[in-house]
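Enquirer: Mind looking over this structure? Questions follow.
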DNA sequence: CACGATACGGAGGCATGGTTCCGCTTGTCA
DNA sequence: TGACAAGCGGAACCATGCCTCCGTATCGTG
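Protein chains in written order, with the working numbering: chain A, 507 to 665; chain B, 507 to 665.
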């Protein structure tokens, strides 16, 4: 917290005036990230005319977010694990936000199914684990993570 | 360390007599795990007559190890990242152990290529990132991780 | 049994990092 | 200008967790 305050050019006291606890600061950051993700899906991916390309871009987005944000993988992992991270939870983005994100993913997958570009058994809840997996690869510092996006995507193609 | 000592039924002092530092204990654990992994590949997977099945089992093994060992994903991730985790490194299994593991993986992949069961561009160094990815899914608490093994494996099939 | 050596236990020292609190500065209004 | 309010900074407090140290128990030997 001292470092955060220093980076922000204020004293710790000021940080604690805005966020009463370290955890509440973390929650605020996570919620902001969630907004970014849902906004990206809604405004960039769903309008994309090519459903397959939208999927591809969703993985790219996931990877770049992890590059900018060391904690991203953990959060997505938490969603993937399906744990009850509602408002009260430890680093909980409100459950409503998770719902919204899953709904958008659902649309993404539905479009892909309609176009027949993905395997028949693919469901929306498959995505968070795959996003988490990719994020962990990026987190590990693997330089050519795009290669692994390609491999996973190949695994999603119709059989 | 206090907890570890208690679980072992000894005092902290005794723990520190065997492992002068917490890190050295971690290193010892990691090295032991490495031995288990290399032994498994050598004694179980390489003798498996079906190269594809061997690959499949390697992922299964990876997942179960992560289930038993919360730190497994991190270690594999470190290898995947290709960072210099030699003897001096932070939680470094000796570089020699990493080399050995990569060599064994090389054999596994070579056999798969010879049988023509995997995509042509697959190389041995692709595996650590994939193992790390799977481990992170397991770590996240996703109950049906086998499903994601299947998806990734499908991504490894010849195109 | 006496004695030295070896091994043990766990209280205490010390560093780290989250949180609180109080004195000071800044801005506003009469 | 003086008095008050609001906001700020950072020193100090406290819990946690790694590690050290010393008094004690155990074991082998003369």
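Every residue, glycine too, gets a C-beta built ideally from N, C-alpha and C. Here the structure is a predicted model, which is why all the values come from computation and not from measurement.
Out of curiosity, what's the CA-to-CA distance linking residue 585/A and residue 540/B?
Expert: 30 Å
Enquirer: Among 634/A, 626/A, 621/A, 625/A, whose alpha-carbon lies nearest the alpha-carbon of residue 609/A?
Expert: 634/A
Enquirer: For residue 662/B, which residues in chain A fall below 7 Å Cβ to Cβ?
Expert: 657
Enquirer: If you measure from the beta carbon of residue 645/A to each beta carbon in chain B, is any gap under 8 Å?
Expert: yes
Enquirer: Interface residues of chain A around residue 587/B at Cβ under 8 Å?
Expert: 646, 647, 648
Enquirer: At a Cβ cut of 9 Å, what residues of the stretch 629 to 644 of chain A count as close to chain B, listed as they run along the chain?
Expert: 632, 634, 635, 636, 638, 639, 640, 641, 642, 643
Enquirer: Can you grab the Cα-Cα spacing for the pair residue 537/B / residue 605/B, in whole Å?
Expert: 13 Å
Enquirer: Given this structure, state the Cα-to-Cα distance separating residue 622/A from residue 637/A, to the nearest angstrom.
Expert: Spanning the two alpha carbons is a distance of roughly 21 Å.
Enquirer: What's the call for residue 573/B, buried or exposed, on a 16-neighbour Cβ count within 10 Å?
Expert: exposed
Enquirer: According to DSSP, is residue 654/A part of a helix, a strand, or is it coil?
Expert: helix
Enquirer: Just the chain B side, please: which residues come within less than 8 Å of residue 579/A by C-beta, in chain order?
Expert: Contact annotation for residue 579/A against chain B: 642 [CB-CB distance below 8 Å, chain order].
Enquirer: Output yes if chain B places a C-beta closer than 8 Å to the C-beta of residue 665/A; else output no.
Expert: Taking CB atoms only, residue 665/A has a neighbour in chain B less than 8 Å away.
Enquirer: Would you kindly work out how many angstroms separate the C-alpha atoms of residue 513/A and residue 600/A, rounded to a whole number?
Expert: 28 Å
Enquirer: At least one CB of chain A closer than 8 Å to the CB of residue 583/B: is that the case?
Expert: yes
Enquirer: So which residues of chain A does residue 522/B contact, with C-beta pairs closer than 8 Å?
Expert: Under the 8 Å cutoff, chain A gives no residues; its nearest Cβ is about 30 Å from residue 522/B.
Enquirer: Should residue 642/B and residue 588/A be called a contact, given that it needs their Cβ atoms to be closer than 8 Å?
Expert: no
Enquirer: What residues in its chain sit with their C-beta under 8 Å from that of residue 619/B, if we drop five residues either side in the sequence?
Expert: 626, 628
Enquirer: Following the continuous alpha helix (DSSP H) through residue 548/B, name the residue where it begins and the one where it ends.
Expert: Unbroken run through residue 548/B: none, as it is neither H nor E.
Enquirer: Is the beta carbon of residue 624/B sitting closer than 8 Å to the one on residue 661/A?
Expert: no
Enquirer: In angstroms, rounded to a whole number, what distance separates the CA positions of residue 640/B and residue 651/B?
Expert: Cα-Cα distance, rounded: 8 Å.
Enquirer: In the DSSP assignment, find the unbroken alpha helix (DSSP H) run with residue 519/B in it and report its ends.
Expert: 518 to 524
Enquirer: Could you compute how far the alpha carbon of residue 568/A sits from the alpha carbon of residue 576/A?
Expert: 12 Å
Enquirer: In terms of residues, what are the limits of the alpha helix (DSSP H) holding residue 648/A?
Expert: That residue, residue 648/A, is in no alpha helix (DSSP H); it is neither H nor E in DSSP.
Enquirer: If I measure Cβ to Cβ from residue 664/B and keep anything under 8 Å in the same chain, skipping five residues before and after, which residues do I get?
Expert: 622, 623, 624, 625, 626
Enquirer: Relative to the C-alpha of residue 612/B, which residue among 507/B, 602/B, 552/B is closest?
Expert: 552/B
Enquirer: Is the separation between the beta-carbon of residue 543/A and that of residue 614/A shorter than 8 Å?
Expert: Going by C-beta atoms, residue 543/A is not nearer than 8 Å to residue 614/A.
Enquirer: Taking 8 Å as the cut-off, decide whether the C-beta atoms of residue 557/A and residue 653/A are in contact.
Expert: Taking 8 Å as the cut-off, the Cβ atoms of residue 557/A and residue 653/A do not count as close.
Enquirer: Note down the Cα distance separating residue 535/B from residue 508/B, rounded to an integer number of angstroms.
Expert: 17 Å
Enquirer: Let's see if you can read the secondary structure: which residues bound the alpha helix (DSSP H) around residue 627/A?
Expert: From DSSP, residue 627/A is part of no alpha helix (DSSP H); its letter is neither H nor E.
Enquirer: Excluding five sequence neighbours on each side, which residues of the same chain lie with their C-beta closer than 6 Å to the C-beta of residue 581/B?
Expert: 536
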